[in-house]
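Participant: Following this message is one structure expressed as structure tokens.
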Amino acid sequence: MSSFDEDIKRSIWEGKIPIVFTLSPDDLTSHLSPSPYTVMAPRNSYFPLITSLVKDYFSSSTLVLLDEMWLEYRGIPLKWHLPIGVLYDTIVGNNNNCNNNNNNNNNNNNNNNNNNNNNNNNNNNNNNNNNNNNNNNNNSSNIMEQPYWNIVVHFQSYPDRILLRCPNLESVRTYYKNVLKEANYIKQGDITKINNLNINQSNDLWDGLKSHDYDKFWSVNKKLIPNSNKEYKNIPIRLIINYKPPIQELIPVYDENSIELTLENLFSRIPYESFSNFLNYNSSKNNNNNINNSSPPLSPNSNNNNNNNNNNNNNVDNSIENSLNQTSIESVEPEFPNLLQYIKATNAEYKIQGIQPSLKSSAVWLYEHFGHPDNFLYIVLIDPSLNNNN
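616 is the number of the first residue of the sequence shown in the working numbering; add one for each residue after it.
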């Protein structure tokens, strides 16, 4: 591997997301609300591995420690078993995609209003007013971007219908090891390489992930990478759409003519039928009469409060969950042969480690450099129908 490739792998590993944790008002039992707790969270980690300090920090402000700590973003419980970066791209990425269109419209309206106001100002004040308007627009834009991921911390009413239980770090390790075995079976047809790791190597792999130590983790994880592309059975991928369970397809490294597959070829091998029910306009068609069958509640008490959002104690912003699950019943389902044609026809965005690589990128190269610690390559599809509903 070249030094350039190594630098890319390290840069991907070092990717971080600024997060602001705040305690749920329902859990507050002290007189004063604690200040938010800010963390630069690694994209390639899991929330239980980074939130022990968050738990300790807020524990002094609550006596409600009846259950496991869990996290929520705008009414959506966060699945701890997915990598943090995947969660961010799936939930916040969808929301930002919608907000960007709204912000552009708002900015255009503001600019028109500002121009009209400027025309009515005295000539002596034109320059000052223009400068002020530009500053105001810049400040508004910065506010709308919301660079921090604002997450609410809960200590009660664990939503175990939605989230896996996570009583301790050993549960995280067990889950991680099982997913790692699954990925390696897809990759090589067996789990021999994992079974061949000695105790020290297994511990270094886990400790490297837990402490976010690139050198320690990759000193072991590199042993799980095939020595050549021809040793691959398939590329372990997971497609995430609208916070639904991941879609997995068996994707080989080479096509029938022994030509290495690109990301474009990979997308063309994912049939439309495998993901169409997860799309916004289809989920309403299939679940219009009983939407809760396919979607988690906004909070543990939402089943009792569906018709009375104003009385919801959590007082959360339901915009994302609503946009993920509701759409106009007048929508007409288009037909596409595969994911590639769907992306091209709808201009849908996709994210891998927070960016959108070229469709001409080698699929196996992306896997080896952009893959996640559980040895899967997560691809997040940004549902374009959310833009049409906002």
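A virtual CB, placed ideally from N, CA and C, is assigned to each residue, including glycine. Please read these numbers as outputs of a predicted model, since none were measured by experiment.
(1) Report the option in Ser976, Arg625, Ile850 and Asn765 whose CA atom is closest to the CA atom of Pro692.
(2) Along the chain, where does the alpha helix (DSSP H) that runs through Trp628 open and close?
(3) Could you check if Met655 is buried or exposed, using at least 16 other CB atoms within 10 Å of its CB as the buried criterion?
(4) Identify every run of the beta strand (DSSP E) within the segment 625-670, keeping only runs that are complete inside it and at least 3 residues long; order them along the chain.
(5) Report the three-state DSSP secondary structure of Lys966 (helix, strand or coil).
(6) Which of helix, strand or coil does DSSP assign to Glu950?
(7) Please state if the CB of Ile840 and the CB of Val979 are separated by a distance shorter than 8 angstroms.
(8) Would a C-beta distance cut-off of 8 angstroms place Gly969 and Arg658 closer than the cut-off?
(9) In its own chain, which residues sit with a C-beta less than 8 angstroms from the C-beta of Glu950, not counting the 5 before and 5 after it?
(10) Report the three-state DSSP secondary structure of His827 (helix, strand or coil).
(11) Measuring alpha carbon to alpha carbon, tell me which residue in Glu846, Val767 and Leu996 is nearest Gln803.
(12) Could you give the residue range of the alpha helix (DSSP H) that holds Trp980?
(13) For Glu683, count neighbouring Cβ atoms within 10 angstroms of its own Cβ and tell me buried if that reaches 16, exposed if not.
(14) Could you tell me the boundaries of the alpha helix (DSSP H) in which Arg788 lies?
(15) I need the boundaries of the beta strand (DSSP E) containing Val701, first residue and last residue.
(16) Using DSSP bridges, identify the partner residues of Glu687.
(17) Hey, Lys990 and Asn815: beta-carbon distance below 8 angstroms or not?
(18) List the residues that DSSP assigns as beta-bridge partners of Pro886.
(19) Return the CA-CA distance between Leu647 and Ser772, expressed in angstroms with no decimal places.
(20) Is the separation between the beta-carbon of Pro867 and that of Leu854 shorter than 8 angstroms?
(21) Could you give the first and the last residue of the continuous beta strand (DSSP E) run that contains Ile840?
(22) Would you please state the rounded distance, in angstroms, between the beta carbons of Tyr661 and Val767? I believe it to be under 8 angstroms.
Facilitator: Short version:
(1) The shortest Cα separation from Pro692 among Ser976, Arg625, Ile850 and Asn765 belongs to Asn765.
(2) Counting along the chain, Trp628 sits inside the alpha helix (DSSP H) bounded by residues Ser618 to Trp628.
(3) It counts as exposed.
(4) Within the segment 625-670, the complete beta strand (DSSP E) segments at least 3 residues long are 631-638 and 652-657, listed from N- to C-terminus.
(5) DSSP places Lys966 in strand when its eight states are reduced to three.
(6) Glu950 falls in the coil class under three-state DSSP.
(7) In this structure, Ile840 does not lie closer than 8 angstroms to Val979 by Cβ.
(8) Yes.
(9) For Glu950, where only same-chain residues beyond five positions count, the Cβ hits under 8 angstroms are Tyr887.
(10) Annotated three-state conformation of His827 is coil, per DSSP.
(11) The shortest Cα separation from Gln803 among Glu846, Val767 and Leu996 belongs to Glu846.
(12) It spans Ala978 to Phe985 - the alpha helix (DSSP H) in which Trp980 sits, taken as one unbroken run.
(13) Buried: at least 16 other Cβ atoms inside 10 Å.
(14) Per DSSP, Arg788 belongs to the alpha helix (DSSP H) from Leu784 to Gln803.
(15) Not the beta strand (DSSP E): Val701 falls in the alpha helix (DSSP H), residues Ile699 to Leu702.
(16) The bridge partners DSSP lists for Glu687 are Pro692 and Val767.
(17) In the sequence under discussion, the amino acid at residue 990 is Asn, which differs from the Lys named in the question. In this structure, Asn815 does not lie closer than 8 angstroms to Asn990 by Cβ.
(18) Partner(s): Asn953.
(19) Each residue's alpha carbon lies about 22 angstroms from the other.
(20) When the beta-carbon positions are compared, Pro867 and Leu854 stay at least 8 angstroms from each other.
(21) Counted as a single uninterrupted DSSP element, the stretch harbouring Ile840 is not any beta strand (DSSP E), since DSSP gives it neither H nor E.
(22) Between Val767 and Tyr661 the Cβ distance is about 18 angstroms, and since that is not below 8 angstroms, they are no contact.
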